[in-house]
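*Asks:* Below are the structure tokens for one structure; questions will follow.
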Amino acid sequence: MHRFALLFTLLITPPLFADTLTIPLGDQGADIDSRNLPQLGQSKRSVLERFGLADEEHKPVGQPPITRWDYREFSVYFEYDHVINSVRQHWPRHLDTVKEQQ
1 MHRFALLFTL
11 LITPPLFADT
21 LTIPLGDQGA
31 DIDSRNLPQL
41 GQSKRSVLER
51 FGLADEEHKP
61 VGQPPITRWD
71 YREFSVYFEY
81 DHVINSVRQH
91 WPRHLDTVKE
101 QQ
């Protein structure tokens, strides 16, 4: 009987502690419009001409070689000399308030 009660308690309790994170559609990608990021197929040269030197360039990894250039607000991934993906950096909005509390 005690085992059944313990099992029942363990199965019922976790959903009571679940949180739902809701991000309004307009707040999901503030500041940088993804259309302004380097696009699939662009060459390293065209990215360099448009955005300038990256803050950090990582060495190629794997085969085919994948290279990452990190800019202040986004990163660009290259396969050989062409863009395969561009992603924005995530900067939590609450980061400043967390630092102030410490």
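Here the UniProt record's numbering is used: position 90 in the sequence shown is 90, and no number is missing along the way. Glycine included, C-beta positions come from ideal geometry on N, C-alpha and C. Since we're looking at a predicted model, the values are computed, not measured.
Helix or strand or just coil, what does DSSP make of residue 2?
*Replies:* DSSP places residue 2 in the helix class (H, G or I) of the three-state scheme.
*Asks:* For residue 67, does the three-state DSSP call read helix, strand or coil?
*Replies:* strand
*Asks:* Going by DSSP, name the residue or residues bridged to residue 75.
*Replies:* Paired residue(s): 70, 87.
*Asks:* For the alpha helix (DSSP H) containing residue 44, name the first residue and the last one.
*Replies:* 44-51
*Asks:* Taking only the alpha-carbon atoms, compute the straight-line gap between residue 41 and residue 21 and give it to the nearest angstrom.
*Replies:* 34 Å
*Asks:* With distances taken Cα to Cα, identify the nearest neighbour of residue 83 among 44, 36, 6.
*Replies:* 44
*Asks:* So residue 51 and residue 66 are in contact, right, with Cβ under 8 Å, and what is the actual spacing, rounded?
*Replies:* About 19 Å separates the two Cβ atoms, so there is no contact after all.
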